[in-house]
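Worksheet for the structure shown next.
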Amino acid sequence: MRRVARVLAASCVAVLMLVAGCGTGGGSGDGEYSFVSPGGKTRLFYPPDERGRLTGLNGESLLNPGEKIRLSDFRGQPVVLNVWGSWCGPCRSEIDDLKAVQSRLGDRVRVLGINVRDERSAASDFVRNHGVNYPSIYSPSGRALLALDGFPRSTVPATIVLDRQHRVAAVYLTEITRAGLLPKVRTIVQEPSGAK
1 MRRVARVLAA
11 SCVAVLMLVA
21 GCGTGGGSGD
31 GEYSFVSPGG
41 KTRLFYPPDE
51 RGRLTGLNGE
61 SLLNPGEKIR
71 LSDFRGQPVV
81 LNVWGSWCGP
91 CRSEIDDLKA
101 VQSRLGDRVR
111 VLGINVRDER
121 SAASDFVRNH
131 GVNYPSIYSP
141 SGRALLALDG
151 FPRSTVPATI
161 VLDRQHRVAA
171 VYLTEITRAG
181 LLPKVRTIVQ
191 EPSGAK
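Take 1 as the starting number for the sequence shown in full-length UniProt numbering and just add one per residue.
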């Protein structure tokens, strides 16, 4: 019985390691983004030549049902994606920090929320009550996250910083703060448009 328990525990650890982190397709900078194990890291940073491109991310607007929001709407702009839920304590804690990033960097960057596992009314009330200054995709099932190939939909909150070509430059699998996020986003904003 103990042997079975050990084998089961080892299998669970192996599976968790495979789905618990980020990486890029092939390291060429031109590949599609694909999620791979980071070995337990919660903050991952990629130099331009190791970034994978994120494509196909879209979904219905949280506040404007029927209106579609697409990552491609922000062509040429760095984007800060934030996976959140109104029920999530760390998400509530980081909201002012995300608003500050959007306010301080203005048109130079776009913050885009992806609301998951939530009721539309609860999420909409949360956005209005906190004066959120950026849009969110409403994806209660987490379907919008399918564009993040292999990304574990149970990771909430999570923040992904995309460069101007919408390649993954940084991933935070934990609550963020403006002090931790703003310098990284400023660095991405200052990169040349064609950084490879």
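Each residue gets a CB set at the ideal place from its N, CA and C atoms; glycine is no exception.
Restricted to the UniProt domain "Thioredoxin" (36 to 190), the alpha helix (DSSP H) segments that are unbroken, complete and at least 4 residues in length are 89 to 105, 120 to 129 and 178 to 190, listed in chain order. Annotation: Ser72 to Gly89 spans about 30 Å, alpha carbon to alpha carbon. Between Val189 and Pro78, the C-beta spacing is below 9 Å. Taking a contact as a CB-CB distance under 8 Å, the pair Ile160 and Leu81 counts as one, their CB atoms being some 4 Å apart. Here the alpha carbon of Tyr138 sits roughly 5 Å from the alpha carbon of Leu62. Within 10 angstroms of the beta-carbon of Thr55 lie fewer than 16 other beta-carbons, which makes it exposed. Within 10 angstroms of the beta-carbon of Asp163 lie 16 or more other beta-carbons, which makes it buried.
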